[in-house]
Amino acid sequence: MGEAINLVSDFYIDKVIFNLGKYNYLELEFIKELKRKNILYYRNIEKLNIGNNMLYFLNNNLYDNENDNSNVIYLNFSNVKIIFMGDAGIKVEDDILDKYNLKNIDILKVGHHGSKTSTSNNFIDKINPKYSVISVGKNNRYGHPNSEVLDILSKSSIYRTDRDGSIVFKIKNSGLEIDTYVP
């Protein structure tokens, strides 16, 4: 969130979608910039049509912490099923499993940088991801990703930004192509 104002200064942004819950100080400052630039913003949406594809926002419960109020997004693009977990924790995972029939996910963007507060055995067993992507800084002060989470994800191919750099999934007629770019 801390770099959001710089993003709208440096890139063309059409719309912004906020997490559930109350706006924090950084979000309120960001909203001022969005209004100044006439950029639309939303919160608590269920789906968003992008071209011929639909993003489904699976987390529509209000929790008592900001991480669990993260947007959790499901996308089926050319029969490749992807879930982006944001910083959502185990309680959110359980609630999503109760509400949706999610199986055989192709790509999981792992929740909360691989923290032990997310990515439960139950969740991973149910969604059965082929590929797991962990966005995490090298030598971060939190020790992410957690070794237990890595064990839970071990049945999938794990990609990590601290080790693999940028990770690009290309969805083609012939299947999924994965490239990494280590700086």
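Positions 379 to 561 (my numbering) are the ones given, in order, by the sequence shown. Don't be surprised by glycine CBs; every beta carbon is placed ideally from N, CA and C.
Answer with buried or exposed for residue i, where buried requires no fewer than 16 other C-beta atoms within 10 angstroms of its C-beta.
i	result
Glu-471	buried
Asn-443	exposed
Lys-487	buried
Glu-424	exposed
Asn-518	exposed
Leu-406	exposed
Met-379	exposed
Ile-502	buried
Phe-389	exposed
Arg-538	buried
Tyr-509	buried
Val-560	exposed
Asn-449	buried
Tell me which residue opens and which closes the alpha helix (DSSP H) that residue i is part of.
i	result
Asn-384	382-388
Tyr-350	Nothing about residue 350 can be read from this structure; the chain reaches only from 379 to 561.
Lys-504	499-505
Val-527	525-530
Which whole-angstrom value describes the C-beta separation of residue i and residue j, a residue pair presumed to lie in contact below a C-beta threshold of 8 Å?
i	j	result
Leu-455	Asn-431	Before going on, a small fix: residue 455 reads as Phe here, not Leu. Right, the Cβ-Cβ distance comes to about 6 Å (below 8 Å), so this counts as a contact.
Leu-412	Val-386	7 Å
Ile-545	Val-511	6 Å
Phe-435	Ile-451	6 Å
Phe-547	Ile-483	No, Phe-547 and Ile-483 are not in contact; Cβ-Cβ is about 13 Å, not under 8 Å.
Could you name the residues that DSSP lists as bridge partners for residue i?
i	result
Gly-599	No answer is possible for residue 599: it lies beyond the span of the chain, which begins at 379 and ends at 561.
Tyr-355	Residue 355 lies beyond the residue range present for the chain, which begins at 379 and ends at 561; the question has no answer from this structure.
Ile-545	Thr-558
Just reading off the beta strand (DSSP E) that residue i is part of, what are its end residues?
i	result
Arg-421	418-421
Arg-538	535-538
Ile-391	Ile-391 -> no beta strand (DSSP E), and no H or E assigned at all.
Tyr-509	509-512
Lys-487	485-487
- prompt: Hey, which unbroken runs of the beta strand (DSSP E) at 3 residues or more fall wholly within the stretch 423-482?
  reply: 425-428, 431-435, 451-455, 458-462
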